[in-house]
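S.K.: Before anything else, here's the structure in question.
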Amino acid sequence: MRLLVPWALCGLAIVAGPEVVRVRAIEAAEPLPFLMADDFRDMELVAWRIEQGRPDPANPLLEPEMPWDAGGVFSHGTVLKDPIDGRFKAWQVSTPLSKRFGPGTWHHDRWLTYLE
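Residue numbers for the sequence shown follow the working numbering, so the first one is 5 and each next one is one higher.
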């Protein structure tokens, strides 16, 4: 019985192999959906644009400056320079200072904030 299982799996892989490749080829030919397709009334004249990233020569440093950033700032995403106004924009996770609620208990907030 033990010898039969590997041969059965091998046979199954051979039979299923071409079918899997064909399905992937069909999926790749379809257009990629937008993450917020509901924001568009129609998809006419809408295109996907990808650009290679380039370091900014001014090497801007993003520092916490708001009260909700006092405990720390974490960037879990992309910081982009807006080509229209030239400002850097991002979403970040901000952590205000921790608050103590009693002996041995601390409350830690994490907020999703917009950075410009």
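Note that beta-carbon positions come from the ideal geometry of N, C-alpha and C, so glycine has one too.
#1: Compute the Euclidean distance between the alpha carbons of GLU48 and ARG58, then round it to the nearest angstrom.
#2: I'd like the ranges of any beta strand (DSSP E) spanning at least 3 consecutive residues and lying wholly in the region 75 to 106.
#3: Rounded to whole angstroms, what is the Cα-Cα separation between ASP60 and GLU120?
#4: Apply the 10 Å Cβ neighbour rule to ALA29 and answer buried if 16 or more other Cβ atoms are within range, or exposed otherwise.
#5: Which residues does DSSP list as the beta-bridge partners of LEU2?
#6: Cα-Cα, which of ASP73, ARG45 and TYR118 is closest to ARG91?
#7: Tell me whether LEU13 sits in a helix, a strand or coil according to DSSP, three-state version.
M.R.: Well, looking at it:
#1: Approximately 30 Å between the Cα atoms of the pair.
#2: 76 to 78, 92 to 99 and 103 to 106
#3: 16 Å
#4: Confidence at ALA29 is low in this model, with a pLDDT of 48, below 50, so its placement is unreliable and the value that follows should be read with caution. ALA29 should be labelled exposed.
#5: Nothing in the structure corresponds to residue 2, since the chain is present only between 5 and 120.
#6: TYR118
#7: In this prediction, LEU13 has a pLDDT of 45, which is less than 50 and means its spatial position is unreliable; what the coordinates show is noted afterwards. In this structure, LEU13 counts as helix in the three-state DSSP scheme.
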